[in-house]
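Read through the structure below, which is laid out as structure tokens, and then see the notes.
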Amino acid sequence: MTRPFFFGYGSLVNRNTHSYGEIGHARLIGWRRVWRQSTYDPIPILTAEPCEGWQIDGLIAHVPNGDWAALDEREHAYDRVPVTPAVQHKTDTPIDIATYTVPQDKYPLPDTHGPILQSYLDTVVIGYLQEFGEQGALDFFASTVGWNCPIRKDRDDPQYPRAQAPTKEQADFIDAQVDIWLGRTP
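Numbers 142 to 327, taken from the numbering used here, label the letters of the sequence shown in order.
Structure follows, in structure tokens:
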């Protein structure tokens, strides 16, 4: 009998945003992370989409008793998609793995581009720094597309509901990477 796990590639990498256990590092092969603009919300959200030649690191975690309801509610803008064959992990027991994505056809593209919430980005990158170190956080930026959005600097008044405050060192790292990926630094 297989056990249900999710693959998290954004805020779910930050263990302080959830209480799921049996967590392990994993890699989703043939997918990339995308900042997706949609009419669902004026704020871009992270999603993942199949893309040959790409891979993204993240976490897998057990969904106790196969009860997806709480996670489905948290990820209500997303569709749950099975990805078991595409995930590399070190779990010894048979597991089924799903991830959450926002398909391009679920919500149409908006007329204007909204800003990425700094508090959302901070929370995600803090998770990558804690789980995968600085190189893992650099890989997060490199394995994500859609950096053509402005950043809403809400760090002092977070709009993201599960916001995690970065240390000064983490904030400096994140800000330097944002400058690079948004083309503000030569």
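No residue lacks a Cβ here, since even glycine has one placed at the ideal position from N, Cα and C.
Predicted model only: the values in this text are computed from it and were never measured.
Classify residue i: buried if its beta carbon has 16 or more other beta carbons within 10 angstroms, exposed otherwise.
i	result
N206	exposed
P327	Per-residue confidence for P327 stands at a pLDDT of 45, beneath the threshold of 50, marking its modelled position as unreliable; the derived number appears in the next sentence. With fewer than 16 Cβ atoms within 10 Å of its Cβ, P327 is classed as exposed.
A167	buried
D198	buried
G274	exposed
G151	buried
A317	exposed
For residue i, report the span of its alpha helix (DSSP H) as first-last.
i	result
E272	Q259 to A283
R215	A210 to R215
Along the chain, where does the beta strand (DSSP E) that runs through residue i open and close?
i	result
Q229	V228 to H230
W172	G165 to R177
C192	I186 to H203
A239	I236 to T242
R296	It is not in any beta strand (DSSP E) - R296 carries neither H nor E in the DSSP assignment.
To the nearest angstrom, report how far apart residue i and residue j are at their CA atoms.
i	j	result
Q229	W172	12 Å
T242	R221	7 Å
G255	H159	26 Å
I315	A283	13 Å
K247	H203	27 Å
Where does residue i fall in DSSP's three states?
i	result
T225	helix
V154	helix
P327	Note that P327 scores a pLDDT of 45, beneath 50, so its modelled location is shaky; the value from the coordinates is reported in the next line. Of the three classes helix, strand and coil, the one that applies to P327 here is coil, per DSSP.
I109	Lying before the first or after the last residue shown, residue 109 is absent from the chain, which here runs from 142 to 327.
G149	strand
D233	coil
D220	strand
When the Cβ atoms of the stretch 286-302 are set against those of the stretch 169-177, are three or more pairs found closer than 8 Å?
yes
Stretch pair the stretch 254-266 + the stretch 151-161: three plus CB contacts closer than 8 Å:
They touch, by the three-pair rule.
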